[in-house]
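Notes for the one structure printed next.
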Amino acid sequence: MVDLSVKLGSLELKNPVMTASGTFGYGEEYEDFIDIHSLGGIVVKGTTLHPRQGNDYPRMAETPMGMLNAVGLQNVGVDQFIQSIYPRIKHYKTNILVNVSGSTVEEYVETAEKINELESIPGIELNISCPNVKEGGMAFGTSCPSAIAVTSAVRDVYKKHLMVKLSPNVTSIAEIAKGVEGAGADSVSLINTLLGMAIDAHSRRPVLSTITGGLSGAAVKPIALRMVWQVANAVKIPIVGMGGISSAEDAIEFMLAGATAVEIGTANFIDPRITIQIIDGIRSYLESHQMNSVQNLIGGLITE
Ligand code: ORO
Numbered sequence: 001m002v003d004l005s006v007k008l009g010s011l012e013l014k015n016p017v018m019t020a021s022g023t024f025g026y027g028e029e030y031e032d033f034i035d036i037h038s039l040g041g042i043v044v045k046g047t048t049l050h051p052r053q054g055n056d057y058p059r060m061a062e063t064p065m066g067m068l069n070a071v072g073l074q075n076v077g078v079d080q081f082i083q084s085i086y087p088r089i090k091h092y093k094t095n096i097l098v099n100v101s102g103s104t105v106e107e108y109v110e111t112a113e114k115i116n117e118l119e120s121i122p123g124i125e126l127n128i129s130c131p132n133v134k135e136g137g138m139a140f141g142t143s144c145p146s147a148i149a150v151t152s153a154v155r156d157v158y159k160k161h162l163m164v165k166l167s168p169n170v171t172s173i174a175e176i177a178k179g180v181e182g183a184g185a186d187s188v189s190l191i192n193t194l195l196g197m198a199i200d201a202h203s204r205r206p207v208l209s210t211i212t213g214g215l216s217g218a219a220v221k222p223i224a225l226r227m228v229w230q231v232a233n234a235v236k237i238p239i240v241g242m243g244g245i246s247s248a249e250d251a252i253e254f255m256l257a258g259a260t261a262v263e264i265g266t267a268n269f270i271d272p273r274i275t276i277q278i279i280d281g282i283r284s285y286l287e288s289h290q291m292n293s294v295q296n297l298i299g300g301l302i303t304e
């Protein structure tokens, strides 16, 4: 019997496979396809203090080996989440993390304070890396002082697991990771999407209403892997790796680069059962390599 469990600070995951925010709704949408309880964790849709309508359509575009999105943090707002969604999902026997976004530090803080009261939510993923909003979002995650400021303000009020989701749209992601570690983050997750753009040559217009959007999917995997490895060499807190993971081998590569757990995002749109296949594939890999614990993979990259 192989042991698939991992620890992210205070969080105990039955396996290292989580789902990425914005690709898995609140989990309910996937109940017809998989046993939600067998996931290591789910990160629910980005949640803000006030409800948001999101950006105008079109806000999705396919690209070779990936996709662009410009959703713009459409969500019902934290109060509605607490009143009507939380009661429906709080029984899930997995770690439910809420992805928290805001336009100002105060909004992040107020949202985190409200979520702190929810018994069945053991952590938040602080989203300082959304590329698709005019105010806040990525602006917080692309400068070290503002990443530190928002993390420490939320740390003061949020008492459970604080994971900070980092932007790849920076010169040194390791520097930002070190900054948020110093500001009290319990873990970091990376990468959010890469800023990209699509043009329709025939209409000579941008494809997305916002002109630019966030690139995800297999196309970004080598960049994400490089960033996870760089951050692993810079911080002591656990790392949750994501970016184009669509197989057990992909997930294992992220763990070898230094991730303790992974999030699966875009691949859920291609195959809603992919998370379970990845969990099964990690188990088979460990068995065939005579390894008894998935923890032996973390940071196991051989470089000499
Ligand atoms: N899109 C992303 O690619 N990342 C985010 O954090 C948020 C969004 C969005 O809501 O547009």
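Those letters in the sequence shown? Residues 1 to 304, by full-length UniProt numbering.
Cβ atoms here follow ideal geometry from the backbone N, Cα and C, with glycine treated the same way.
Beta-carbon separation (whole angstroms), residue i vs residue j, contact threshold 8 Å
i, j, result
"residue 216", "residue 67", "6 Å"
"residue 198", "residue 208", "6 Å"
"residue 141", "residue 167", "4 Å"
"residue 139", "residue 124", "Wrong, their Cβ atoms sit about 19 Å apart, outside the cutoff."
"residue 148", "residue 182", "7 Å"
"residue 252", "residue 264", "Wrong, their Cβ atoms sit about 13 Å apart, outside the cutoff."
"residue 262", "residue 244", "About 11 Å; that fails the 8 Å criterion."
"residue 44", "residue 98", "6 Å"
"residue 130", "residue 46", "7 Å"
"residue 48", "residue 72", "About 11 Å; that fails the 8 Å criterion."
Top-ranked residue by Cα proximity to residue i, from the options
i, options, result
"residue 334", "194, 224, 103", "In the structure as shown, the chain begins at 1 and stops at 304. Residue 334 is therefore absent and cannot be evaluated."
"residue 132", "117, 116, 193", "193"
"residue 55", "41, 70, 62", "70"
"residue 152", "143, 136, 179, 301", "179"
"residue 64", "196, 143, 118, 4", "196"
"residue 225", "214, 249, 206, 236", "249"
"residue 302", "205, 10, 229", "229"
Bridge-paired residues (DSSP) for residue i
i, result
"residue 12", "7"
"residue 52", "75"
"residue 293", "3"
"residue 165", "127, 189"
Near the ligand ORO: residue i beta-carbon under 7 Å from a heavy atom
i, result
"residue 70", "yes"
"residue 222", "no"
"residue 127", "yes"
"residue 193", "yes"
"residue 130", "yes"
"residue 46", "yes"
"residue 73", "yes"
"residue 196", "no"
"residue 66", "no"
"residue 141", "no"
"residue 184", "no"
"residue 214", "yes"
"residue 102", "no"
"residue 25", "no"
"residue 299", "no"
"residue 217", "no"
Closer than 7 Å: residue i CB and nearest the ligand ZN heavy atom
i, result
"residue 243", "The ligand ZN is not among the ligands present in this structure, which contains only the ligand ORO."
**Item:** the segment 73-91 / the segment 158-166 touching (three or more Cβ pairs under 8 Å)
**Value:** no
**Stretch pair the segment 25-36 + the segment 267-284: three plus CB contacts closer than 8 Å** = yes
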